[in-house]
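For the sequence shown, the numbering used here puts the final residue at 217, and the numbers step up evenly by one.
Every residue, glycine too, gets a C-beta built ideally from N, C-alpha and C.
For reference, the structure is listed below as structure tokens.
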Amino acid sequence: MTSSRSTRSTRRTPLAVPRSRALMLSTASVAGGVALIAGGYAQAAEPTRAAAPSTTSAVSTSSMSTTSTSTAGPVQVEHEVGTVLEGSADAGIPVAVTLYENNLHGSSIQVVLGDPDADDIGYVEQEGAFVHDGVLDVTVDVQGTPVRLHGTVTPSGRPARLVDPMQDNGEQIVVKGTNTALATDVDVTVRGTSAPVQFAPAFSFDLESRTVTLYGR
Numbered sequence: 001m002t003s004s005r006s007t008r009s010t011r012r013t014p015l016a017v018p019r020s021r022a023l024m025l026s027t028a029s030v031a032g033g034v035a036l037i038a039g040g041y042a043q044a045a046e047p048t049r050a051a052a053p054s055t056t057s058a059v060s061t062s063s064m065s066t067t068s069t070s071t072a073g074p075v076q077v078e079h080e081v082g083t084v085l086e087g088s089a090d091a092g093i094p095v096a097v098t099l100y101e102n103n104l105h106g107s108s109i110q111v112v113l114g115d116p117d118a119d120d121i122g123y124v125e126q127e128g129a130f131v132h133d134g135v136l137d138v139t140v141d142v143q144g145t146p147v148r149l150h151g152t153v154t155p156s157g158r159p160a161r162l163v164d165p166m167q168d169n170g171e172q173i174v175v176k177g178t179n180t181a182l183a184t185d186v187d188v189t190v191r192g193t194s195a196p197v198q199f200a201p202a203f204s205f206d207l208e209s210r211t212v213t214l215y216g217r
């Protein structure tokens with residue numbers, strides 16, 4: 001069982017979203033994804049991306065691999081795997097839950113009780129995942145109220161493949177990978193009352209991003 005804590009780590013800004021995370025959410029057509037966190041905590045804004053050239057992703061990838069070193073820098077490759085869950089429940093009081101796991105950027109869970117404007121918010125951040133062997137069991141302290149999430153999270157259906165090329169701030173980026181829908185059977189318990197959490201979106205991701213710094217940056 002993961003120990004609870006409500007203070008935010010100073011290791012990095014809480015809820016700052018890596019570029020590949022935002023890409024992964026938009027590619028999965030998650031309307032807003034984990035973009036807006038209740039209680040006034042908003043996802044960190046990203047630079048506006050220029051539209052990708054109107055060629056296929058295969059052409060974009062090929063152009064990256066054949067670009068000479070005189071016009072582009074080294075290729076940076078990152079491999080990210082993780083989980084995105086966002087949902088709500090009514091355990092005698094409205095509960096909103098956002099879980100994000102990323103092997104490179106760490107994992108976090110945020111829980112909001114009642115009206116988001118009341119600022120009854122709890123937050124836990126750690127290096128490793130919260131879901132182990134398909135089981136989630138973690139308690140988050142929300143302003144002195146322990147909120148327990150417990151249940152199972154398992155893959156559902158076949159992985160959906162994705163390829164997304166783009167240019168961003170003088171970089172050519174191509175992300176390839178998969179998103180896999182997740183089936184969840186998770187309850188939240190608040191002050192002795194339990195209720196099922198309905199998660200949407202709920203998926204895992206396995207992404208490889210290749211970034212090349214373009215000439216003239």
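Would residue i be called buried (16 or more neighbouring beta carbons within 10 Å of its own) or exposed?
i	result
Thr-193	exposed
Ala-89	buried
Thr-139	buried
Gly-170	exposed
Val-135	exposed
Ala-58	Below a pLDDT of 50, predicted positions are generally treated as unreliable, and Ala-58, at 31, falls in that range; the measurement from the model is reported next regardless. The residue is exposed, with fewer than 16 neighbouring Cβ atoms inside 10 Å.
Establish whether the CB of residue i and some CB of chain E are separated by less than 8 Å.
i	result
Val-124	No chain E is part of this structure, which consists of one protein chain only.
Beta-carbon separation of residue i and residue j under 8 Å?
i	j	result
Pro-159	Thr-189	no
Ala-200	Gly-87	yes
Gly-106	Gln-76	no
Val-174	Asp-187	no
Phe-205	Val-95	no
Kindly indicate the opening and closing residues of the beta strand (DSSP E) around residue i.
i	result
His-150	145-155
Glu-94	In the sequence as displayed, the identity of residue 94 is Pro instead of Glu. 94-102 is the extent of the beta strand (DSSP E) around Pro-94.
Asp-133	Per DSSP, Asp-133 belongs to no beta strand (DSSP E) and is neither H nor E.
Ala-118	Where Ala-118 is concerned, there is no enclosing beta strand (DSSP E), given that its DSSP letter is neither H nor E.
Val-174	171-190
Val-197	Taken as a continuous stretch (DSSP letters only), Val-197 belongs to no beta strand (DSSP E), as it is neither H nor E.
How about residue i: is its Cβ closer than 7 Å to a heavy atom in the ligand GTP?
i	result
Ser-108	Only the bare structure without any ligand can be found here, which leaves the ligand GTP out of the picture.
Flag this pair as touching only if the segment 148-158 and the segment 166-175 have three or more C-beta atom pairs under 8 Å; answer yes or no.
Here the segment 148-158 does not lie against the segment 166-175, with fewer than 3 beta-carbon pairs under 8 Å apart.
Does the segment 115-123 come close enough to the segment 97-106 to have 3 or more Cβ pairs within less than 8 Å?
no
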